[in-house]
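Read top to bottom, the protein sequences are chains A and B.
In case it helps, my numbering puts the first sequence at residues 1 to 111.
In case it helps, my numbering puts the second sequence at residues 112 to 226.
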Amino acid sequence: QQQVKQSPQSLIVQKGGISIINCAYENTAFDYFPWYQQFPGKGPALLIAIRPDVSEKKEGRFTISFNKSAKQFSLHIMDSQPGDSATYFCAAARPGNQFYFGTGTSLTVIP
Amino acid sequence: DTGVSQDPRHKITKRGQNVTFRCDPISEHNRLYWYRQTLGQGPEFLTYFQNEAQLEKSRLLSDRFSAERPKGSFSTLEIQRTEQGDSAMYLCASSPTGNSYNEQFFGPGTRLTVL
Chain A
1 QQQVKQSPQS LIVQKGGISI INCAYENTAF DYFPWYQQFP GKGPALLIAI RPDVSEKKEG
61 RFTISFNKSA KQFSLHIMDS QPGDSATYFC AAARPGNQFY FGTGTSLTVI P
Chain B
112 DTGVSQDPRH KITKRGQNVT FRCDPISEHN RLYWYRQTLG QGPEFLTYFQ NEAQLEKSRL
172 LSDRFSAERP KGSFSTLEIQ RTEQGDSAMY LCASSPTGNS YNEQFFGPGT RLTVL
């Protein structure tokens, strides 16, 4: 059973546009929600993360929106750049435990 | 480079052979995780160490898989009698104890191809 559901599977955005990736979870014990960025042939790298006590976190062009009641969270990439083209994974975790990853979103930013 | 390192980066083997991968976590990170990632999927948890103790194992970790972290530093993941279904990227991650935010730092992975 997929603990974290992610959509869309792929996304094409024009340079300067906004990229939005959505995730949903079921387990209310999750208390840490990171987003990872992965380039081909590389391991995932932490992009931004949020705890459920806040509804939004912004770091530069990247923003996480978190809706605890709906058990959903999303990643917004503002002013998308070709260098943002990568696969993005959301994840959810309980303290000190394994991460449950979504299936990934392949983002392509067209110049 | 003070990040997580993995060796080898690529491994090609024939079905039925044994393979061993190594992971060196970030210094002083007490927690070490192994994940498996197949093409087009997110990483799937395999097992987790707190220092040298293996605390959790996934059902994905069949009895052909064994992981060790003998001195609480580096870790090895061994796959015996490899099968074509074992072909995947094997990722290692580490995190410090006391980090309530669970941030895990991933290595570059070992890509295994079983022929």
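Beta carbons: idealized from backbone N, C-alpha and C, even for Gly.
Note that the structure is predicted; figures quoted are calculated from it, not measured.
Boundaries of the beta strand (DSSP E) harbouring A/Tyr36: Phe33 to Gln38, taken from the DSSP string. The three-state reading of DSSP puts A/Asp84 in helix, counting H, G and I together. Residue pairing by DSSP puts A/Thr108 in a beta bridge opposite A/Ile12. Judged by pairs of C-beta atoms under 8 Å, the stretch 114–130 of chain B does not touch the stretch 59–73 of chain A, as fewer than three such pairs exist.
Ranked by Cα distance from B/Ser138, the first of B/Ala164, B/Leu223 and B/Ser206 is B/Ser206. Spatial neighbours of A/Gly60 in its own chain (CB-CB distance under 7 Å, excluding positions within 5 residues in sequence) are not present. With its beta carbon less than 8 Å from one in chain A, B/Phe217 belongs to the interface. Under DSSP, no beta-bridge partner is assigned to B/His140. Taking the Cα positions, B/Phe216 is about 26 Å away from A/Val109. Among the CB atoms of chain B, one or more fall inside 8 Å of the CB of A/Thr103.
Using a Cβ distance threshold of 8 Å, A/Thr105 and A/Ile21 count as a contacting pair.
Interface criterion not met: the Cβ of A/Pro82 is under 8 Å from no Cβ in chain B. Within its own chain, the residues whose Cβ lies closer than 7 Å to the Cβ of B/Thr158, once the five positions on either side in sequence are excluded, are Trp145, Gln165, Glu167, Lys168, Ser169, Leu172 and Ala178, listed in chain order.
Listed along the chain, the chain B residues whose CB falls inside 8 Å of the CB of A/Ala45 are Phe217.
Think of a sphere of 9 Å around the beta carbon of B/Phe132: no beta carbon from chain A falls inside it, the nearest being about 13 Å out. A straight-line Cα-Cα distance of about 10 Å links A/Leu11 and A/Thr87. The Cβ atoms of A/Phe101 and A/Val13 lie no closer than 8 Å to each other. Bridge pairing for B/Phe160: B/Leu143 and B/Gln165 [DSSP]. When 8 Å is used as the limit between beta carbons, B/Leu202 is near these residues of chain A: Gly43 and Pro44, in chain order.
Rounded to whole angstroms, the separation of the alpha carbons of A/Phe99 and B/Cys134 is 18 Å.
A direct Cα-to-Cα measurement between B/Glu155 and B/Ile190 gives close to 16 Å. Beta-bridge analysis with DSSP links A/Phe101 to A/Ala91. The Cβ atoms of B/Met200 and B/Gln128 do not sit closer than 8 Å to each other. Counting C-beta atoms within 10 angstroms of its own C-beta, B/Arg192 has fewer than 16 neighbours from the protein chains shown and is therefore classed as exposed.
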